[in-house]
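Novice:
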Amino acid sequence: MMNGRTQRIEMASALAAWLALTAASPGDMSVAAFLQRAEALQRLGPLALAMPEADRLKSEVIAAGKRYQARIEADRKAGRKSASCPPKSGTLTPEQWLAHLRTYPPQSRSRTTINMAFDGLMRKRYPCPA
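Each residue of the sequence shown is one higher than the last, beginning at 1 in my numbering.
Shown next as structure tokens:
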């Protein structure tokens, strides 16, 4: 028979394990969730820059970009043809990024991750020459 303290410890351990298993990696957020959060921040105006959620969204895009760059580099080193041919460096404004995310049909936004959207943007902006 368990006492109340033991039950609480076991419940806390189970909850921690569940959270660890269900935590999404950066870049795995859906386009729908990203847009919902970004639009809520935009309503705050300049105050949005000071919000932790703004950093979270920025981290999602940065992680997707790093993952994309690593994959492109691995493709190049392995001699595989890449789906896009970006320049060594470039810029992407928040407005350009949000405009791209809004091109996804509402019914597909919940199934499209930020990683997938970033790849799609790079294919669109930087197609490889034929």
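Positions of the beta carbon are idealized from the N, C-alpha and C atoms, including for glycine.
For Glu60, count neighbouring C-beta atoms within 10 Å of its own C-beta (all shown protein chains included) and say buried if the count is 16 or more, exposed if not.
Specialist: Numbered from its first residue, the sequence shown carries residue 60 at position 60. Buried, by the Cβ-count rule.
Novice: Since Ala32 and Leu57 should fall inside the 8 Å C-beta cutoff, what is the C-beta to C-beta distance between them, to a whole number of angstroms?
Specialist: The residue labelled residue 32 in the question sits at position 32 within the sequence shown. The residue labelled residue 57 in the question sits at position 57 within the sequence shown. Rounded, the Cβ-Cβ distance is 13 Å, inconsistent with contact.
Novice: With Ser84 and Met122 assumed to form a contact (beta carbons below 8 Å), what rounded beta-carbon distance in angstroms separates them?
Specialist: By one-based count along the sequence shown, residue 84 stands at place 84. By one-based count along the sequence shown, residue 122 stands at place 122. Yes, Ser84 and Met122 are in contact; Cβ-Cβ is about 4 Å, under 8 Å.
Novice: Relative to the C-alpha of Thr91, which candidate in Tyr126, Gln42, Leu47 has its C-alpha closest?
Specialist: Position 91 of the sequence shown, counting from 1, holds the residue named residue 91. Ranking Tyr126, Gln42, Leu47 by Cα distance to Thr91 puts Tyr126 first.
Novice: Going by beta carbon distance, what residues of the same chain come within less than 6 Å of Pro86, once the five residues before and after it are set aside?
Specialist: As a first step, residue 86 is located in the sequence shown; it is residue number 86 there, counting from the start. If we look at Pro86 and ignore the five residues flanking it on each side, its Cβ neighbours are Met122, Tyr126.
Novice: State the start and end residues of the unbroken alpha helix (DSSP H) segment that holds Ala74.
Specialist: As a working mapping, residue 74 is identified with position 74 in the sequence shown. From DSSP, the alpha helix (DSSP H) with Ala74 extends over 52–78.
Novice: Taking all protein chains shown into account, do 16 or more other C-beta atoms lie within 10 angstroms of the C-beta of Ala23, making it buried, or fewer, making it exposed?
Specialist: As a first step, residue 23 is located in the sequence shown; it is residue number 23 there, counting from the start. Note that Ala23 scores 43 on pLDDT, short of 50, meaning its location in the model is unreliable and no value can be drawn from it.
Novice: Buried or exposed: which applies to Leu101, given that a residue is buried once 16 or more other Cβ atoms fall within 10 Å of its Cβ?
Specialist: Start at 1 with the first residue of the sequence shown, and residue 101 comes out as number 101. Buried, since its Cβ has 16 or more Cβ neighbours within 10 Å.
Novice: For Ala54, collect the residues of the same chain with a Cβ closer than 6 Å to its Cβ; drop the 5 residues on either side in sequence, then sort them by chain order.
Specialist: The residue labelled residue 54 in the question sits at position 54 within the sequence shown. Closer than 6 Å at Cβ, skipping near neighbours: Leu41, Ala48.
Novice: Excluding the 5 residues flanking Cys128 on each side, which residues of the same chain have their C-beta closer than 8 Å to its C-beta?
Specialist: Position 128 of the sequence shown holds residue 128. So the list reads Lys81, Ser82, Ala83, Ser84, Cys85, once near-sequence residues are dropped.
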